[in-house]
Amino acid sequence: MSINKELEQLSASLEGTLLFDDLHKTLYSTDASVYRIRPKAVAVPKTIEDISKLIKFAAQHQISITPRTAGTSLAGQTVGDGIIVDVSKNFTKILNFDAIKKTVTVQPGVIRDELNLFLKPHNVFFGPNTSTTNRCMIGGMVGNNSSGTTSIRYGVTRDKIVEIKGLLSDGSEVVFKELTSAEFIEKTKGDTLENKIYKSLYDELSVKATQDEIIKEFPKPEIHRRNTGYAVDILLQSDLFGGTEPTINLGKLLCGSEGTLAFTTEITLKVDDLPPVHNIMVVAHYHSIQESLESVVVAMKHHLYTCEMIDDTILDCTKTSREHVKNRFFLVGEPKAIMMFEVASNNPEDAENQANALVADLEKNNFGYALVKIYGADIEKVNELRKAGLGLLGSIVGDDKAADSIEDTAVELSDLPAYIEEFSAMMLRHGQGAIYYAHAGAGELHLRPVLNLKKTSDLKLFRTIATDVAILVKKYKGSLSGEHGDGIVRGEFIPFMIGEANYELLKRIKLAFDPNSVLNIGKIVNALKMDENHRVISGRVEPDIKTFQDFSDSLGILRAAEKCNGSGDCRKLPSAGGSMCPSYRATKNEKETTRARANALREYLTYSEKENKFDQKELYEVFELCVSCKACASECPSNVDVATLKAEFLYQYQKANGFSTRSKIFAHNAKLNKMGSLFPSITNFISNQSLVKKSMGIAPERQVPLLAKRTFKKWFESQKKQNQGFPNGQVYLFNDEFTNYYDVNIGIDAVELLTKLGYEVLVVNHEQSGRTYLSKGFLEEAKKIANANVNIFKDLISAKAPLIGIEPSAILTFRDEYLRLADDKESAERVAQSAFTIEEFFKREIIDGNIRPESFSEEKKEIKIHGHCHQKSLSSIEATFAMLNLPTNNVVTIYNSGCCGMAGSFGYEKEHYQVSMQMGEDTLFPKVRATAENVKIAAAGTSCRHQIFDGTNREAQHPISILRSCLL
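For what it's worth, my numbering labels the leading residue of the sequence shown as 117, then goes sequentially.
Next comes the structure, spelled out in structure tokens:
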């Protein structure tokens, strides 16, 4: 019987899902590492019984089971050629909290930040704090023994383990918890696999020569972040094995074992009291890496809560990041490196005294050319910049990338400056620079060489550098793996790092736990080669991918997709803020992440043998629920713009497969509305008939937007030209296709408001924006429009007479898509610089003093703002806030809401209606329902306003209409 037939039978027996189609095997063949291994299947279990069946099936068929949560592993721990078991969707419950014992019990798919949101009302938290806390899951943190920024105060994940429940390699359930020595010995008696594990460990570790060899070869115990191999050195603390501790917990051995010893299903953790409430960050700026590291020894005497480093390579990447350029506010000059030292206290005066003492000590020792103190919410902005480090490195244009191979070394803190000095000298010998960042206070830096792994020479250097670094780390008796795990990238160096005798011990321990070789094979012991199974094949001939849009800023569309390094920022939930990624938030399926779309595109563009490499049903499937919100273009630290990738895909795919009738209707919406507006009442009646909606594939629950009785263009042309003076000059109003046919009253409000405020409003004959063509992949039509509009406006508008737009998705095409489509790039850039949302224009004029509060009523109005996704990504909601906050007694707040879910035509399409409404339910709808009836809701997007009404029965207004109502 073929493996697929047997997988089909297995699938029928599971409550969860078993996927073995080409797309899912592609998506789960990578994680956040450089590796690519295609699995036989992907399982999304619902029950522990499902997992047990999967393990037994794997044992029967001699294939591997690889546990996976968020898939953010950097060393290749969560890729494998067997069955990937993804528990991130269904094993997400917080099961118990014990306030007396200060413990919490969770399933492995609980996100670290979600756990701390739950714990916060109880005044406790789970300390380990990785850069991925808004999407990484506790199961993965246990698998890697994660640490993060707070380990110098709160320890590592292993320190927090109370109990681990799981399944052994025979599918039997097991509980690992603290035992007395007598209880441990009692466990060695019997014939179960659990009994055999305890007996094997007892027999192995009771030998004095074995204990001595572990002490001799393992990393220094002073290095808290040591994660090389299995943590047998921790077990030696027990009085059973030469130590002094009267108890022992094998859960601590499982922590850091990367799913190779057991499959974890439940974890009980110790939690700590919340940190002090008053914290101050001192950001020290340095002219050299070496100076920054030498300063750490001085700084760490001040009982810091965090001690983090960022070098100039990452700082430079923030300059081109839409999301993080705003977080550079604290920087002074162009430092080679910065250190972020954080002190804290429950007394604000004490916190200030601590910060001052730290600054004085650094100055006394001549460390740092600038020492900047950061307070309050600004600290989190700086921390966000540090957290984005890995993702930001993905934004480096071209094939030279920061490679994960030596990024997890840890040495004793006092050895760090000397170690880095030797490391830097070694890199110079290899003709290499390196990137330095992360946990200086813990003796660990994430060091990354910049390599092009598509080149055979650099692939060889990948191994050479890793080998030389292993030798250097061994010299300092450090740990090659501090917190990211061994995985594939470091697994084969374990025999060298801990000695052959200890490595053979690890192999015997693995055999005791996993006699059938089922659990995550190829990691830690019998590891795969670190320079094989890469995402990119070295020495390959680079595919020549022709595109309609201009992707030269990424050196082509393939490299635009390759910017995704798998860090998984797109898996964050609504509680983490932002909008990325609305389809993942609605479904919790990996297939609906930004990462999945970039990975699938990379895979098929690289390996497909079709002439049109875009002609793949799998690509259509992975892009289907992308709503082109553009959140990824700003929130993804690697700047992976999936909306742009989707537009190109749709164009290329539909060239081969044709455009559907519905797509044509939505794409040509403006042209059809031009005809329909001749008889708007008849058009509105017909388009909303059930039979018509059914024939077009429109959800019956939706009302097709109603055409206005007359167009905005006709209204404007009917207005008599005023002879009054216009002290504030001229503006060109972009008459977009939504304002012209649907939202005419908003256009009227804009004209009347601007006129009364002293601006001459000009509307010229121009083309529509092309937004509907872009959303459906009609790029040839969009290009004609872009060229026409650029030609029309290039000699008309300027900074003094700008082009302003009412509908964000329309006006922002000038700043985004037109730059990829227009033939006259220079003119397109010039036009883009003078094209603004109407809110941006008002903010500018308010700052310049041209629009003042005196022009508006003092009547109190309370207003809540929902931002359009394109505003958030390409503009700013703060401009809307500034505009609506101008009237003296307006009380304005911004909803922390994601994507509304309508996304133009997406929410009208019958098959997408439910997921569209779920997107709204994720954040926006509950906030609107909780808003008092007397509070005005502002939403600049026409789609947003329709979705708010359909989801909550509340009317939202364009911000310009609300401000118009405030005018005296």
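Note that beta-carbon positions come from the ideal geometry of N, C-alpha and C, so glycine has one too. Quick caveat: nothing in here was measured; it's all calculated off a predicted structure.
| query | result |
| --- | --- |
| Go through its chain and collect everything with a Cβ distance to T422's Cβ below 6 Å, but skip five positions before and after it. | T265 and E458 |
| By DSSP's criteria, L385 is part of a beta bridge. Which residues make up the other side? | V220 and I277 |
| If you run the structure through DSSP and keep just helix, strand and coil, what is F664? | coil |
| Measuring CA to CA, which of K916, D932 and A938 is closest to S950? | K916 |
| Using only the alpha-carbon positions, how far apart do N1006 and A1056 sit? | 18 Å |
| Work out the CA separation of D275 and S267 for me, nearest whole Å. | 10 Å |
| Just mark D137 as buried or exposed, buried being the case when its beta carbon has 16 or more other beta carbons within 10 Å. | exposed |
| Taking 8 Å as the threshold (C-beta atoms), are L170 and P161 in contact? | yes |
| Just to confirm the assignment: which complete alpha helix (DSSP H) runs, minimum length 4, are found wholly within the stretch 926-980? | 934-937, 941-949 and 954-963 |
| Give me the Cα-Cα distance between S992 and I920, rounded to the nearest whole angstrom. | 15 Å |
| Is S461 helix, strand or coil by DSSP? | strand |
| In the DSSP assignment, find the alpha helix (DSSP H) that holds F300 and state where it starts and stops. | S297 to K303 |
| In this structure, does DSSP put Q1073 in helix, strand or coil? | strand |
| Considering only their Cβ atoms, is the gap separating V860 from R887 smaller than 8 Å? | no |
| Only counting the same chain, and skipping five residues up and downstream in sequence, which positions put a Cβ closer than 7 Å to that of E538? | L588 |
| Among the residues of its own chain, which have a CB less than 7 Å from the CB of V605, if the five just before and after it don't count? | S149, A191, G192, D520, S521 and M646 |
| Relative to the C-alpha of M542, which residue among D524, L501, V585 and S573 is closest? | V585 |
| Closest to E974 by C-alpha separation, out of C985, I967 and T1004, would be which residue? | T1004 |
| On a Cα-Cα basis, can you pick out the residue from I908, E853, K218 and V226 that is closest to S925? | E853 |
| How is the beta strand (DSSP E) around Y402 delimited, first residue to last? | H394 to Y402 |
| Less than 8 Å separating the beta-carbons of T703 and V1031? | yes |
| Pull up the distance between the alpha-carbon of Q353 and that of N463, whole angstroms please. | 38 Å |
| Nearest-angstrom Cα distance between D477 and K452? | 21 Å |
| Do the stretch 673-685 and the stretch 745-762 make contact, defined as three or more Cβ pairs closer than 8 Å? | yes |
| Look at the alpha carbon of E329 and the alpha carbon of A558, and state the distance between them as a whole number of angstroms. | 26 Å |
| Tell me the rounded alpha-carbon separation between L370 and Y402. | 40 Å |
| Where S803 and E122 are concerned, what is the direct C-alpha to C-alpha distance, given to the nearest angstrom? | 50 Å |
| Counting only the same chain and skipping the five closest in sequence on each side, list residues whose C-beta sits under 8 Å from that of A473. | H418 |
| Indicate the three-state DSSP secondary structure (helix, strand or coil) for C423 in the structure shown. | strand |
| As a quick exercise: from Q470, P391, A347 and A554, pick the residue whose alpha carbon is nearest that of T429. | A554 |
| If you check the beta carbons only, do I364 and S297 fall under 8 Å apart? | yes |
| Under the rule that 16 or more other beta-carbon atoms within 10 Å means buried, what is R1061, buried or exposed? | buried |
| Mark D932 as exposed unless 16 or more other C-beta atoms lie within 10 angstroms of its C-beta, in which case mark it buried. | buried |
| Anyone know if the C-beta pair for F379 and L529 falls short of 8 Å? | no |
| Which residues in the same chain have their Cβ closer than 8 Å to the Cβ of E468, if we skip the five residues on either side of it in sequence? | I396 |
| Determine, using beta-carbon pairs with one atom in the stretch 437-445 and one in the stretch 375-395, whether at least three such pairs fall under 8 Å. | no |
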